[in-house]
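Trainee:
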Amino acid sequence: CYLESPDGTITDSIESKVCWWHMQDGRVLGLHGGQLVEYDAETLSPLGIVVKGLGNDTEVVVVENGSVLALVKKSTKEIKVI
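According to our numbering, the sequence shown holds residues -2 to 79 in order.
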């Protein structure tokens, strides 16, 4: 799925979703198979894995109009800004 205007929780069921979106700075990020992946903005070819091993206990959240990406562990509410 393509998210045109990501703002808030991208998905709370990461293992079963394949989604991608543009951040405010032009970077293209996506979720695929429990991994956060960066893609080339022009060709959409994968550049590399940003975070791997995301589980169903982790929410991916985009805030500040697409300028900040955070991972939130649902069980502990621990926040990690990427």
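We treat Cβ as the ideally placed atom computed from N, Cα and C, and that holds for glycine.
#1: Note down, one range per segment and in chain order, each beta strand (DSSP E) of at least 3 residues found wholly within the stretch 36 to 78.
#2: Measure the CB-CB distance between Val78 and Val59 and report whether it falls below 8 Å.
#3: Output the distance between the C-alpha atoms of Tyr31 and Asp54, rounded to the nearest integer angstrom.
#4: From the DSSP output, which residues share a beta bridge with Gln21?
#5: So which of Gly50, Gly45, Val25, Ile46 has the shortest CA-CA distance to Gly38?
#6: Does DSSP put Gly31 in a helix, a strand or coil?
#7: Is the Cβ-Cβ distance between Val103 and Glu56 less than 8 Å?
Mentor: Quick answer:
#1: 43 to 48, 55 to 60, 65 to 70, 76 to 78
#2: no
#3: A quick correction: the sequence has Gly, not Tyr, at residue 31. For Gly31 and Asp54, the distance between alpha carbons rounds to 11 Å.
#4: Per DSSP, none; premise fails for Gln21.
#5: Just to set this straight, residue 38 is Ala in the shown sequence, not Gly. For Ala38, the nearest C-alpha among the options comes from Val25.
#6: coil
#7: It is not possible to answer for residue 103, since the shown part of the chain is limited to -2 through 79.
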